[in-house]
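Everything below concerns the one structure shown next.
Chains as they are written, first to last, in this note's numbering: chain A, 1011 to 1491; chain B, 1011 to 1491.
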């Protein structure tokens, strides 16, 4: 195997998805491991993308009246235990601080897996009457959930970054109405910046958040045929308010418990974006999230070198708003440079050789399609701008095609399994019995409900896919990541 | 005591600084406590200021070529122990995770008190030759140091927010040259946005960072007469590189260890800023960091109410860039509103009553001085803009006066103690003996060296303030926070 090949990705995305992903992480310098098992380093490239994502999302949050806030990352065990379902859901994954300095602590402190317990115990001091509502708080922070499965960068790590939003309202109606605002903002950033279309859907009771009345999420289809949950919204009703005693005086002068929501998006979206857009050559990222949108590679020969170098310097300057990389290394061949920058996901490459110079043009290569276009230098800035928009749209359209093609429906378990094996999700009729939901995995390993199909209504005649009893709703089933 | 007074601060800053500060924190809604002892909540108001500070600092970092990155917050005990002085300095304050899920961990994990150990253990994979240098990485994150003293919001809490910069260079010269860049950026943001002037100075060997060759910091004088350390820069030489085996091939083809720096600024700067500018009425913050720069209070009488309300709505719209608050509450008197917004530190208040309306003017009140100015509505936007700049400058100038007036020099221990009791810091001649540095606290409780006086050179005749032996340098002594 030549050195050049070893630098590139050696596995095909279609043939061995998980090996391909691991190579992409390391070789495109997105993540690496440390001696802390199950945690990763967010390398500068991926961290910069997360920062942009946070910036854009946060801008919408602020515009919507949400306030950022900082809470301690430690939660005393007794506080975490106040809401019964919540604690059951999280305790198996909690990392505990038991010693500090050289002393044993009198009570274990959880490293936050999520901050409901610490925030909600404080809220009674912040809320007195309906005048203090709605209270819409948000945290951008790090949380820890001690997974025992193999770590996968961005998708499954013991520590990850996210936002956690926590809002309190004076009425159920107001609280529920926040779902469209929140999921709308998430979807806007994920589709406009990450070029990722989603399907929005309610979780079944079995799959909802520990402590919530209902959970609604945005779902994405990975090229491996597994469905992944992205941004989520949970309506908690008065469950936490009762556990943590968060009361207020309503506009009739009566005491009531607040109505709460929680909502989140995590660095898992980075993994989702990397897998959906990237290919066998390496990373592909949407231009809007690429820090460096262009690489300029001069083709150098001894006689014309100085002229070509002078011109690429000029081009670099004129394209400054795209933060271009100019690669003038002389000990690396153009071909190897092409491979390297393709691996690293620079959206556009500009090649300039002596012949191009004569024609006063350059060759521009699109990272996502490999398409080569000759463009006059005089109109380069305008054309680059257009091309970046085109790439952004093409990535979205492709992801959308993958998503739409993956959505099937069936009333037959054999056909359903065939679809799922073929990397689809399937809308099927089911009863609401937890036993049937549990029973899916006996029909096919890993098969489970994804979200309720809100487009299809039950006529009354459909039978549950599992028990053949009366079906109560259509629900998408498939495999998850 | 009337209800109005209880809402305001009841203690004078001059008379009981620490009580005053605690009241400021709670009543201006900057921080509050939770059931996790020693940690605080950064309430929306203070968190927003930190976000702005981070944004401005980060902009300069990025311009200077520094890359942000994310590392795990857990550090295995064996890794932390690699650099001997470093571990000695931090272990007494470390919080340890010893259990996760329901399992005991085979090795204790430190919650990062700082990230040298986890970053430097990874760097050998990132650095091969001088082509990979300089490598300038930065993290904005949360760290934990388990203080056993009483917590003071922003100044002393077990968890705090900060940046930690870690850079590696190919030569000592390059590494040392980074100090001016880094401390320059910190000073720019602290002086231009926080309106806080500083004195830059090297720490004595005894006071330097655990593991560093030298430490250089920016120092601020608090109104209590205590000196506080702000942003800091540590030149680590090859100390960590040798402990963590961070080698590279230099441009002569030889193997060498990298030369490293670390640098940081923390949320302690918020406390510094709050105490220096605020007063007996409550919070004062520099306009550049105030989210809401103006509050508009209409003076309402039955006959003229609708006219006045219409006008303040217009004014609010025209001043939108200052993010004004319009306080139209009718169940709260103007006087109480004035007190409330002064407590909360809104830089400018606009009052509009029927008489002002007749004169087509408003009364504008400066939060920092209480000065009242009548301004024509037609030129309001322009004048507000000027006034905000004036306030920003006045805050800086006042802080600078406090700082400059607090810097004394003396060769006599009695006079030195008198100065320090009078809230000053004093440049004194000393030998470099650690015993003499230790001995300062026997002369006066809490007396210690602050930083080396770089302006004054030893003539050879000066005697050490403590042992009367030959003095080797002038060094500032005083009390610290």
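We put the beta carbon where it would ideally sit given N, CA and C, even for glycine.
Whose Cβ in chain A lies nearer than 9 Å to the Cβ of residue 1156 of chain B?
In chain order: 1110, 1111, 1113.
Can a CB atom of chain A be found closer than 8 Å to the CB of residue 1080 of chain B?
So yes, residue 1080 of chain B belongs to the interface.
Would you mind telling me which residues of chain A sit closer than 9 Å to residue 1134 of chain B, beta carbon to beta carbon, in chain order?
What residue 1134 of chain B touches in chain A: nothing, since even the nearest Cβ is about 12 Å away.
In the segment 1105-1151 of chain B, which residue ranges form an unbroken beta strand (DSSP E) of at least 3 residues, counting only runs that do not cross its ends?
You should have 1105-1110, 1113-1121.
Just to confirm, is the Cβ distance from residue 1093 of chain A to residue 1249 of chain A under 8 Å?
Yes, Cβ-Cβ distance for residue 1093 of chain A and residue 1249 of chain A is below 8 Å.
Does the segment 1291-1300 of chain B come within contact of the segment 1346-1359 of chain B, defined as at least 3 CB pairs closer than 8 Å?
In short, these stretches touch, since the Cβ pair count reaches three.
What's the C-alpha gap between residue 1491 of chain A and residue 1117 of chain A?
Distance between the alpha carbons of residue 1491 of chain A and residue 1117 of chain A: 35 Å.
With a cut-off of 8 Å, does the C-beta of residue 1367 of chain A fall near any C-beta of chain B?
So, not an interface residue.
Please say whether residue 1409 of chain A and residue 1286 of chain A have beta carbons closer to each other than 8 Å?
Cβ atoms of residue 1286 of chain A and residue 1409 of chain A: closer than 8 Å.
Once you ignore the five residues that flank residue 1432 of chain B on each side, which residues in its own chain have a CB closer than 8 Å to its CB?
Answer for residue 1432 of chain B: 1235, listed in chain order.
Does DSSP classify residue 1487 of chain B as helix, strand or coil?
Strand at residue 1487 of chain B.
From what residue to what residue does the alpha helix (DSSP H) around residue 1036 of chain B run?
Here the alpha helix (DSSP H) through residue 1036 of chain B covers 1027-1037.
Can you find the residues in the same chain that come closer than 7 Å, C-beta to C-beta, to residue 1420 of chain B, ignoring five residues on each side of it along the sequence?
Closer than 7 Å at the Cβ level, and outside the excluded window around residue 1420 of chain B, lie 1426, 1429, 1436, 1438.
Applying a beta-carbon distance threshold of less than 8 Å, which residues of chain B neighbour residue 1492 of chain A?
This structure cannot settle anything about residue 1492 of chain A, because the visible part of chain A is limited to 1011 through 1491.
Would DSSP call residue 1014 of chain A helix, strand or coil?
The pLDDT assigned to residue 1014 of chain A is 42, lower than 50, so where the model puts this residue is not dependable; a value taken from the coordinates is nonetheless given after this. Helix at residue 1014 of chain A.
Helix, strand or coil for residue 1242 of chain A? Go by DSSP, reduced to three states.
In the structure shown, residue 1242 of chain A sits in a strand (DSSP, three-state: E or B).
By the three-class DSSP mapping on this structure, what secondary structure does residue 1332 of chain A have?
Of the three classes helix, strand and coil, the one that applies to residue 1332 of chain A here is helix, per DSSP.
For residue 1106 of chain B, return the contacting residues in chain A, with the cut-off set at a CB-CB distance below 8 Å.
Within 8 Å Cβ-Cβ: 1107, 1108, 1109, 1110.
Put residue 1295 of chain B into one of helix, strand or coil per three-state DSSP.
Of the three classes helix, strand and coil, the one that applies to residue 1295 of chain B here is coil, per DSSP.
Please list the segments of the alpha helix (DSSP H) lying wholly inside the segment 1152-1223 of chain A, counting only runs of 4 or more residues, in order along the chain.
Here the runs fully enclosed are 1182-1202.
Check whether the segment 1198-1218 of chain B touches the segment 1119-1130 of chain A, taking contact to mean three or more Cβ pairs, one atom from each stretch, closer than 8 Å.
Contact between the segment 1198-1218 of chain B and the segment 1119-1130 of chain A is absent, because fewer than three Cβ pairs lie under 8 Å.
Is there at least one Cβ from chain B nearer than 8 Å to residue 1173 of chain A's Cβ?
Chain B, which has no Cβ nearer than 8 Å to the Cβ of residue 1173 of chain A, makes this no.
On a Cα-Cα basis, can you pick out the residue from A:1059, A:1472, A:1133 that is closest to residue 996 of chain A?
There is simply no residue 996 of chain A to check, as chain A begins at 1011 and stops at 1491 in what is shown.
If we define contact as Cβ-Cβ less than 8 Å, is residue 1490 of chain B a contact residue for chain A?
Chain A contact via Cβ: absent.
Taking C-beta to C-beta, are residue 1203 of chain A and residue 1066 of chain A nearer than 8 Å?
A contact, by the Cβ cut-off of 8 Å.
Going by other Cβ atoms of all chains shown within 10 Å of its Cβ, with 16 needed for buried, is residue 1479 of chain B buried or exposed?
That one is exposed.
I think residue 1460 of chain B touches residue 1423 of chain B, with their Cβ atoms under 8 Å apart; what is that distance to the nearest whole Å?
Actually they are not in contact, since the Cβ atoms of residue 1460 of chain B and residue 1423 of chain B sit about 16 Å apart, beyond 8 Å.
Determine, for residue 1270 of chain B, whether the minimum Cβ-Cβ distance to residues of chain A falls below 8 Å.
Chain A, which has no Cβ nearer than 8 Å to the Cβ of residue 1270 of chain B, makes this no.
Would residue 1123 of chain B count as contacting chain A if we go by Cβ distances under 8 Å?
Closer than 8 Å: no.
Helix, strand or coil for residue 992 of chain A per DSSP?
Outside the modelled stretch of chain A, which goes from 1011 to 1491, sits residue 992 of chain A, for which no answer is possible.
Of all the options A:1130, A:1041, A:1440, A:1134, which has the alpha carbon lying nearest to the alpha carbon of residue 1165 of chain A?
Minimum Cα distance to residue 1165 of chain A is reached at A:1041.
Residues of chain A with CB closer than 8 Å to the CB of residue 1053 of chain B, please, in chain order.
Those are 1079, listed as they occur along chain A.
For residue 1107 of chain A and residue 1394 of chain B, what's the separation of their Cα atoms in angstroms?
One C-alpha to the other measures close to 51 Å.
Could you work out which residues of chain A lie near residue 1140 of chain B, taking near to mean beta carbons separated by less than 7 Å?
Under the 7 Å cutoff, chain A gives no residues; its nearest Cβ is about 14 Å from residue 1140 of chain B.
Which stretch, first to last residue, makes up the alpha helix (DSSP H) that contains residue 1307 of chain A?
Residue 1307 of chain A -> not in any alpha helix (DSSP H); beta strand (DSSP E) instead, spanning 1304-1308.
If we ignore side chains and look at the alpha-carbon of each, how far apart do residue 1086 of chain A and residue 1463 of chain A end up?
Rounded to the nearest angstrom, the two C-alpha atoms are 40 Å apart.
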